[in-house]
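One structure is given here, and the rest of the page talks about it.
Numbering (the numbering used here), first residue to last: 6 to 517.
Okay, structure coming up:
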């Protein structure tokens, strides 16, 4: 199967209540629309998805604006799967990378945490683990760390809180108000965006963007501020390169600033060397100015309000979503505009994300899996189970933990943790043949049955041969015994006939 990168975008009406938006997947290289999921009207940071993996199909969660409703879509269907009624109107949404937990923030500063899927048993429960007042004002953004161990929230109250997921779901602390792992409170205006770097919590680093003209770089292990980047305009969105060597910060007026986290330094004896930028702490302030001599290399002017940013999987393309429904694709190295996707003109792009094209994507299944129909793909890649989320905390349901289970495709280690290294080669080859050429499986099964039948016939003939050999041995032994007995009798008879004349001769000699 050829890997193909796609961009997932959400288009919402420019005015609240004026029509319906959609979630669309486009080919990054050509801009072609691959699939469309309609009846969705989601705001910024209100869409999250889980990719197809572990033998289960992916899904999309979309929180609706001004409604306490969550829409669920599967990649295998272009229709709405079902709706989930939430306790409050959501202002943001996040799902961890494994699809285990789903978190929702509200306009009242409250956070809800549900279990979307059990991490070990591959089950869907929808249990509400916890809900608590996390901030004083509206929560603008929620992000999980890459390992799903921590949840990061940014609010209108200018605060950023780090929450340990293990503490939130702990049974012993359910009756207590959750306390954050740490609070990052150096911003002075609402926090609009958060980007979490790679690495396990708490060794990862975090970028936070705010309307106070700053983007701050934090180290979670030391719970400290590393560097502050000050921009000429308020920052509404930011995106970080996967290698963490640079990031882009965008403002609502259409300006995008590129900030390199490294620089070249010329030394007298060592020549040119590369060193990291920042890291001095609270006092470290780096100003990014429009009139900087390198502004031609560090500034992209779109000319339209920017609502979403993302970077391609290869870190070579920058995708920019605008409030007019356009998606601009720039080359990061040269800042040249390569193409513009204008399919959603007249709407507002509220979300952008890049991913590999799902192998079970509706309308494209036969191209990737070489199957006859979408029904065949459902048997190979079943839909990942998603159940409605609980609206209140129910201790009995949590103790019972009644769930819908889907058995995993791969084997599990004795510890219960799936491992890709425990996949036997013979089983892998059989599964590979099943995925690539499912029609050939019936032929191989028929051949196996024929071989088994022939082996059974050979075994039967072998048994009959042994029986015949045994009968032949008995007959041979009987014949040999009979012949030997007859020869002995003849020998005895001949001996008696010879001795009779000898006795007669002896008697005659004595008389004479």
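All C-beta atoms, glycine included, are put in the ideal place defined by N, C-alpha and C. Quick caveat, the model's predicted, so the values are computed rather than measured.
### Query
Straight-line CA distance for residue 373 to residue 54?
Here residue 373 refers to the residue found at position 368 when the chain shown is read from its first residue. Here residue 54 refers to the residue found at position 49 when the chain shown is read from its first residue. Here the model assigns residue 373 a pLDDT of 43, short of 50, so the residue's position is not dependable, and the following value carries that caveat. The alpha-carbon atoms of residue 373 and residue 54 are separated by roughly 21 angstroms.
### Query
Where does the unbroken alpha helix (DSSP H) through residue 172 begin, and where does it stop?
The count along the chain shown starts at 1 and reaches residue 172 at position 167. Looking at the DSSP string, the run of the alpha helix (DSSP H) that includes residue 172 is 170-173.
### Query
Thinking C-beta only, is residue 46 closer than 7 angstroms to residue 26?
One-based indexing of the chain shown puts residue 26 at position 21. One-based indexing of the chain shown puts residue 46 at position 41. Yes, these two residues count as a Cβ contact at 7 angstroms.
### Message
Short of 6 angstroms in beta carbon distance, which residues of its chain neighbour residue 420, apart from the five on each side in sequence? Order them along the chain.
### Response
The residue you call residue 420 lines up with position 415 of the chain shown. With a pLDDT of 45 at residue 420, under the threshold of 50, the modelled position of this residue cannot be trusted; read the value that follows with caution. Taking C-beta separations shorter than 6 angstroms and ignoring five residues to either side along the sequence, residue 420 has no partners in its chain.
### Query
Under the DSSP definition of a beta bridge, which residues are partnered with residue 19?
As a first step, residue 19 is located in the chain shown; it is residue number 14 there, counting from the start. Note: residue 19 is not bridge-paired with any residue in the DSSP secondary-structure output.
### Task
Whole angstroms is fine: what's the gap from residue 243's alpha carbon to residue 233's?
Mapped onto the chain shown, residue 243 falls at position 238. Mapped onto the chain shown, residue 233 falls at position 228. If I take the Cα positions, the gap works out to 14 angstroms.
### Query
Hey, residue 41 and residue 29 are a contact pair by Cβ (cut 8 angstroms); roughly how many whole angstroms apart?
Residue numbering aside, residue 41 sits at position 36 when the chain shown is read from its first letter. Residue numbering aside, residue 29 sits at position 24 when the chain shown is read from its first letter. About 5 angstroms separates the beta carbon of residue 41 from that of residue 29, a gap short enough to meet the 8 angstroms contact definition.
### Query
Is residue 472 helix, strand or coil by DSSP?
Here the question's residue 472 lines up with position 467 in the chain shown. In this structure, residue 472 counts as helix in the three-state DSSP scheme.
### Task
Can you say whether residue 95 is buried or exposed, counting buried as having 16 or more other CB atoms within 10 angstroms of its CB?
Taking the chain shown and counting its residues from 1, the one referred to as residue 95 is at position 90. Buried, by the Cβ-count rule.
### Task
Output the distance between the C-alpha atoms of residue 75 and residue 387, rounded to the nearest integer angstrom.
Locating residue 75 in the chain shown gives position 70, where the first residue counts as 1. Locating residue 387 in the chain shown gives position 382, where the first residue counts as 1. Roughly 22 angstroms between the two C-alpha positions.
### Task
Identify, in the order they occur along the chain, each residue of the same chain with its Cβ nearer than 6 angstroms to the Cβ of residue 69, setting aside the five sequence neighbours on each side.
Residue numbering aside, residue 69 sits at position 64 when the chain shown is read from its first letter. Cβ neighbours of residue 69 beyond the five flanking positions: 46.
#### Entry: Nearest residue (CA-CA) to residue 230, options 240, 146, 210 and 116
Sequence index remark: in the chain shown, residue 230 carries index 225 (1-based). Minimum Cα distance to residue 230 is reached at 210.
### Residue environment, residue 324, which counts as buried when at least 16 other CB atoms sit within 10 Å
For the purposes of this step, residue 324 is taken as residue 319 along the chain shown, with counting starting at 1. Note on residue 324: 16 or more other CB atoms within 10 angstroms of its CB, so buried under the neighbour-count rule.
### Query
If you pair each beta-carbon of the stretch 140-155 with each one of the stretch 105-121, do three or more pairs fall below 8 angstroms?
Two segments are said to touch when three or more pairs of C-beta atoms, one from each, lie closer than 8 angstroms; by this definition the stretch 140-155 touches the stretch 105-121.
### Own chain residues within Cβ distance below 6 angstroms of residue 8, not counting five before or after
Your numbering for residue 8 matches position 3 in the chain shown. Sequence-distant Cβ neighbours of residue 8 in its own chain, meaning closer than 6 angstroms and more than five residues away, are 361.
#### Entry: Check whether residue 566 and residue 197 have beta carbons under 7 angstroms apart
Here the chain covers residues 6 to 517 and nothing more, so residue 566 does not appear.
### Message
So, with DSSP's three-state summary, where would you put residue 477?
### Response
Position 472 of the chain shown, counted from the first residue, corresponds to residue 477. Taken through DSSP and simplified to helix, strand or coil, residue 477 comes out as helix.
### Query
With a cut-off of 8 angstroms, do at least 3 Cβ pairs link the stretch 207-221 to the stretch 281-288?
Contact fails between the stretch 207-221 and the stretch 281-288, because fewer than three Cβ pairs, one in each stretch, are under 8 angstroms apart.
### 3-residue-minimum beta strand (DSSP E) runs that sit fully inside the stretch 148-203, ordered along the chain
Entirely contained in the stretch 148-203, the beta strand (DSSP E) runs reaching 3 residues are, in chain order, 155-160, 165-169, 187-189 and 196-201.
### Message
Can you look up residue 14 in the DSSP assignment and give me helix, strand or coil?
### Response
As a working mapping, residue 14 is identified with position 9 in the chain shown. Of the three classes helix, strand and coil, the one that applies to residue 14 here is strand, per DSSP.
### Cβ neighbours of residue 50 in the same chain (closer than 6 angstroms, five flanking residues each side left out)
As a working note, residue 50 is residue 45 in the chain shown. Taking residue 50 as the centre and dropping the five residues before and after it, the same chain places the C-beta of 97 and 146 closer than 6 angstroms to its C-beta, in chain order.
### Message
Between the alpha carbons of residue 225 and residue 453, how many angstroms are there, rounded?
### Response
Here residue 225 refers to the residue found at position 220 when the chain shown is read from its first residue. Here residue 453 refers to the residue found at position 448 when the chain shown is read from its first residue. Cα-Cα distance, rounded: 58 angstroms.
#### Entry: Straight-line gap, residue 481 to residue 469 (C-alpha atoms, nearest Å)
Translated into the one-based positions of the chain shown, residue 481 becomes position 476. Translated into the one-based positions of the chain shown, residue 469 becomes position 464. Rounded to the nearest angstrom, the two C-alpha atoms are 18 angstroms apart.
### Message
Please identify the residue among 31, 199, 314 and 131 whose C-alpha is closest to the C-alpha of residue 164.
### Response
Counting from 1 along the chain shown, the entry for residue 164 is found at position 159. The residue with the shortest Cα to Cα distance from residue 164 is 199.
### Other residues of its chain near residue 426: CB distance less than 8 angstroms, five sequence neighbours each side excluded
Counting from one through the chain shown, the residue named residue 426 turns up at place 421. A caution first: residue 426 carries a pLDDT of 47, below 50, which makes its placement in the model unreliable, though a value can still be read off. For residue 426, where only same-chain residues beyond five positions count, there are no Cβ hits under 8 angstroms.
### Message
Excluding the 5 residues flanking residue 393 on each side, which residues of the same chain have their C-beta closer than 7 angstroms to its C-beta?
### Response
On the chain shown, residue 393 is found 388 positions in, with the first residue counted as 1. Counting only Cβ-Cβ distances below 7 angstroms, and skipping sequence neighbours, we find 89 and 131.
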